[in-house]
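*Asks:* Can you keep this structure in mind? I'll have questions shortly.
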C-alpha cells in the first residue's frame, strides 16, 4: 500500500524508465493471474468447451425461448438450432489446440476486470485529483459493460448467428461440414465483438467530456444509426422480423443511452462555465 501511495504522490515526477518498470510490474501481475486461471480451466477439461458449444444445443435457453415463441406465433422460422449438428476436426493437434484456446478464452473473460484495474493503476497517478474523482468508477463501469455485452453476444447473437450460418447454403449441391475451430471462432468472435460494442456509453462519455461528441450530432444522425443497426441485426439473425427486432432494440437503446450521457455532460459543463 505504501508503495502504491508513493507512486500516486510522485507519479508525475517519475522518469520514463521508471514508468516502463512500473508498467511491466503491473502487467506481470496481470499475466500471473491470467496464467493461473488458464491453468485451472485447462485442468477442468471440457468445461469451457462445453460452454462454447452450448448455443447450438436445442436445450440452450435462447433456443428454447425461440421455440416457445414460434409455438405461440406459428412462425416456424423462429425455431432455431433444433437439430443436432456434428462438428469435425481435421487436424492432428486440433482438439489439443481447442483445449488450449478454450482455456485462454475462459481466463481472459474471468480476469478482464483485474487486467483493466492494473492498467488503470498505471494511468491513475498521472491524473489530477479532479479527473481522478470523476473517473474513479471507470474500472467497475468498463467491466460491467464488458460482461453485459459479452453475455448479450453469447446468449442472444451467437445462437442466431450459428443457426443462420450453419443452415445457410449457396447451392443444394454444397454440403456444410462445420469445423470445430471455425465454430468456436464464430461464437467467441461474436461475443467479444458485442462486449466491445457495449463500451459505447463509456466511449460517448469520453468523447463528450473532451468536446468531440455532441448530443445534437447524435440526434441529427439518429436515423442513420438506426439504419446501420437494422442492417447489423439483419445480418446476424435468421431472415424473419421477430428475431431482427429482438436484437435491434437493445442496440438502439444503447445508442439512445449514449445521447442521454452526452446531454448530462454538456449540461454539467454549462453549469461549471456559469
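Numbering (UniProt numbering), first residue to last: 1 to 274.
For each residue, glycine too, the CB sits at the ideal point set by N, CA and C.
#1: Taking all protein chains shown into account, do 16 or more other C-beta atoms lie within 10 angstroms of the C-beta of residue 9, making it buried, or fewer, making it exposed?
#2: Could you name the residues of the same chain whose beta carbon sits closer than 8 Å to that of residue 178, not counting the 5 residues immediately before and after it, in chain order?
#3: For residue 88, does the three-state DSSP call read helix, strand or coil?
#4: Are the CB atoms of residue 61 and residue 183 within a distance shorter than 9 Å?
#5: If residue 58 and residue 82 are in contact, beta carbons under 8 Å, what's the gap, nearest whole angstrom?
#6: Residue 185 to residue 245, Cα distance in whole Å?
#7: Per DSSP, residue 179 is paired with what?
#8: Is it true that the region 68 to 78 meets the region 21 to 31, where meeting means three or more beta-carbon pairs spaced less than 8 Å apart?
#9: Going by other Cβ atoms of all chains shown within 10 Å of its Cβ, with 16 needed for buried, is residue 106 buried or exposed?
#10: Residue 143 and residue 113 look like a contact to me (Cβ under 8 Å); what is the Cβ gap, rounded to whole Å?
#11: Could you give the distance in angstroms between the alpha-carbon of residue 141 and the alpha-carbon of residue 28?
*Replies:* In terms of the structure at hand:
#1: For residue 9, the predicted structure reports a pLDDT of 47, less than 50, and the residue's modelled location is therefore unreliable. The matter cannot be settled from this model.
#2: In its chain, beyond the 5 residues on either side, 85, 86, 87, 88 and 166 have a beta carbon closer than 8 Å to the beta carbon of residue 178.
#3: In the structure shown, residue 88 sits in a strand (DSSP, three-state: E or B).
#4: The Cβ-Cβ distance between residue 183 and residue 61 does not fall below 9 Å.
#5: Contact flag correct, Cβ pair sits at about 5 Å.
#6: So the alpha carbons of these two residues sit roughly 25 Å apart.
#7: Residue 179 is bridged to 88.
#8: Under the Cβ criterion (8 Å, minimum of three pairs), the region 68 to 78 does not count as touching the region 21 to 31.
#9: Label assigned to residue 106: buried.
#10: Contact between residue 143 and residue 113 holds, since their C-beta atoms are separated by about 4 Å, short of 8 Å.
#11: Cα to Cα, the separation comes out at about 24 Å.
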